[in-house]
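Asker: Residues in the sequence shown are numbered consecutively from 97, following my numbering. Even glycine gets a Cβ: it sits at the ideal position worked out from N, Cα and C.
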Amino acid sequence: MQRSHKRVLVTGGAGFLGSHLCEALLARGHEVLCVDNFFTGSRLNVTHLLSDPRFEVMRHDITFPLFVEVDEIYNLACPASPVHYQHDPVQTTKTSIHGAINMLGLAKRLKAPILQASTSEVYGDPEVHPQTEDYWGRVNPIGPRSCYDEGKRCAETLFFDYNRQHGVNIKVARIFNTYGPRMHPNDGRVVSNFVVQALRGEPITVYGSGKQTRSFCYVSDLIEGLIRLMESPADVTGPINLGNPREFTIRELAELAIRYTGSASEIVLRPLPQDDPRQRRPDIARARELLGWEPTVELEAGLKRTIAYFRNAMADADAGEPSRGLRAAT
Ligand code: NAD
Ligand code: UDP
Ligand code: UDP
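Here it is in structure tokens:
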């Protein structure tokens, strides 16, 4: 039977990016099955979608096999912030590798396209700047970030081997730092840390000199890129960089967070974590050419929306609404 809509599986669907992706897919008329073990995600991220009969949530850990019937798979399940993925590094590696094998086995059985949420971390601390997809990266295989970096690199290997060996239709997106509403307030990532610290009037913790750079993509731009990649012709496998090519130092970001919140917070310097990449900026020529995609939301607009989200969430928490550890400072 021909259906105009698709049944789409989103693993990690209760997380930051996953919840926005579920929302965008529902808005396009698809049915969405959100699979999540709630390690870093939360039901609160998808509560507003539960009244939609086309939306379903299943608690499941993708390191175990999953038998469902769907038309497309987005594999986002994996903790993404250094604090979270280093909390249980063995489980992080299992999620990337065993999880990829299970989701690829599922895609193979169903003959369904599968998209992998890979990462700019596959480039490690790069010598090539900006990073192009043909750069192989400079990754420490035995450091504290390795569970994530090497897990994601091996997952890419598995995706390309399932493609070559079994003809699975794969899509590998290398996602660069993405931010926006529903980031976990305590996961240690730089945008949520700085915004929450500024709103609470607490010191802004810049690690190292603050001269290291990142390029920040607003979540709606990223989600549009993921969906375009999934909808691209079968020969577009990636890897393909998705991110915003405007580069900022971490100190600049701290100053913007202070300015846009109107905060009186001061900047304090803290030790730089081991293996922290010194620079990161995507070359998105491939995404422009193959997907007709590029980011449209400037950091100023995106930060202001993110600040508004955290401000409201803090007010809700203070009023006793269900929250994710967001109370304002007292
Ligand atoms: P997140 O931590 O908010 O979301 C990850 C989700 O996966 C959470 O809901 C978590 O509970 C779930 N999860 C973790 N392990 C699981 C398992 N074994 N089984 C089922 N569910 C599991 O992070 P995010 O920022 O939304 O990242 C989503 C994906 O995008 C991740 O794969 C991440 O590596 C990738 N990514 C994100 C960024 C970014 O800047 N946000 C950058 C590069 C790559
Ligand atoms: N798998 C799954 N759901 C499916 C099909 C497979 O979770 O619908 C898992 C399966 O349990 C296996 C993995 O995916 O561990 C890889 O499957 P594949 O068919 O590639 O390998 P095999 O089953 O031959 O080991
Ligand atoms: N960072 C910082 N202060 C914080 C959190 C992070 O200076 O409170 C820095 C971190 O050292 C890194 C950058 O901000 O250089 C981005 O960190 P994040 O954890 O968000 O992501 P990464 O790109 O390192 O995975």
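(1) How far does the beta strand (DSSP E) with K267 in it reach, from first residue to last?
(2) Are the Cβ atoms of H126 and H101 separated by less than 8 angstroms?
(3) Could you tell me the boundaries of the alpha helix (DSSP H) in which R241 lies?
(4) Compute the Euclidean distance between the alpha carbons of V179 and A203, then round it to the nearest angstrom.
(5) Got a sec, what are the start and stop residues for the beta strand (DSSP E) C130 sits in?
(6) Can you name the residues that DSSP bridges to N337?
(7) Between which two residues does the alpha helix (DSSP H) harbouring Q433 extend?
(8) Expressed to the nearest angstrom, what Euclidean distance is found between the alpha-carbon atoms of A123 and I380?
(9) Report, in whole angstroms, the separation of the C-beta atoms of I354 and I300, which I expect to be a contact under 8 angstroms.
(10) Exposed or buried, V186, counting other C-beta atoms within 10 Å across all chains shown (16 or more means buried)?
(11) Just the C-alpha distance for Q98 and R324, rounded to the nearest angstrom, thanks.
(12) With respect to 7 angstroms, is the separation between the Cβ of H183 and the closest non-hydrogen atom of ligand 1 below this value?
(13) Classify P277 as buried or exposed, calling it buried when 16 or more other Cβ atoms lie within 10 Å of its own Cβ.
(14) The alpha helix (DSSP H) spanning Q293 covers which residue range?
(15) Quick check on the DSSP output: the beta strand (DSSP E) that includes G158 runs from which residue to which?
(16) Could you name the residues of the same chain whose beta carbon sits closer than 7 angstroms to that of R407, not counting the 5 residues immediately before and after it, in chain order?
(17) With distances taken Cα to Cα, identify the nearest neighbour of H280 among I266, P175, F272 and G304.
(18) Determine the direct distance from the alpha carbon of K190 to that of H183, and round the result to whole angstroms.
(19) In the DSSP output, what is Q212 paired with across the bridge?
(20) Using DSSP bridges, identify the partner residues of T345.
(21) Using a Cβ-Cβ cut-off of 6 angstroms (strictly less than) and excluding sequence neighbours within five positions of R366, which residues of its own chain qualify?
(22) Tell me the DSSP bridge mates of Y303?
(23) Can you list the residues near ligand 2, meaning Cβ strictly closer than 6 angstroms to any non-hydrogen atom, in the order they appear in the chain?
(24) If we count Cβ pairs, one from each stretch, closer than 8 angstroms, do we get three or more for the segment 225 to 232 versus the segment 371 to 379?
(25) Taking Cβ positions, are L254 and L206 nearer each other than 8 angstroms?
(26) Please name the residue in E390, A208 and T357 whose C-alpha comes closest to that of F312.
(27) Given that a residue counts as buried once 16 or more other Cβ atoms are within 10 Å of its Cβ, and exposed if not, what is I238?
(28) Ignore the nearest five residues each way along the sequence and tell me which others in L134's own chain have a CB closer than 8 angstroms to its CB.
(29) Output the boundary residues of the alpha helix (DSSP H) element that contains T402.
(30) For P161 and N198, what's the separation of their Cα atoms in angstroms?
(31) Considering only C-alpha positions, which residue in the set Y181, N141, E298 and A208 is nearest to E362?
(32) Given a cut-off of 8 angstroms on the beta-carbon distance, is the pair G339 and N273 in contact?
Answerer: In short, the structure shows the following:
(1) Residues I266 to I271.
(2) A Cβ-Cβ contact shorter than 8 angstroms links H126 with H101.
(3) It is not in any alpha helix (DSSP H) - R241 carries neither H nor E in the DSSP assignment.
(4) About 31 angstroms.
(5) E127 to D132 is the span of the beta strand (DSSP E), which, as asked, contains C130.
(6) R270
(7) It is not possible to answer for residue 433, since the shown part of the chain is limited to 97 through 426.
(8) Each residue's Cα considered, the two are about 26 angstroms apart.
(9) With a beta-carbon spacing of about 7 angstroms, I354 and I300 fall inside the 8 angstroms limit used to define contacts.
(10) exposed
(11) Any answer about Q98 is weak, because its pLDDT of 48 lies below 50 and its placement is not dependable; what the coordinates show is given next. Approximately 22 angstroms, taken between the alpha carbons.
(12) no
(13) buried
(14) V286 to R296
(15) A quick correction: the sequence has Ile, not Gly, at residue 158. Bounds of any beta strand (DSSP E) do not take in I158, whose DSSP letter is neither H nor E.
(16) L295
(17) P175
(18) A direct Cα-Cα distance of roughly 13 angstroms separates H183 from K190.
(19) BP columns for Q212 point to N171 and V268.
(20) T309
(21) T301 and Y303
(22) R366
(23) P161, L162, F163, I197, N198, G201, L202, K204 and R205
(24) yes
(25) no
(26) E390
(27) Its Cβ having fewer than 16 others within 10 Å, I238 is exposed.
(28) The question names Leu, yet the displayed sequence has Phe at residue 134. So the list reads A110 and R155, once near-sequence residues are dropped.
(29) L395 to D414
(30) Taking the straight line from one Cα to the other gives about 5 angstroms.
(31) E298
(32) Yes, they are a contact pair.
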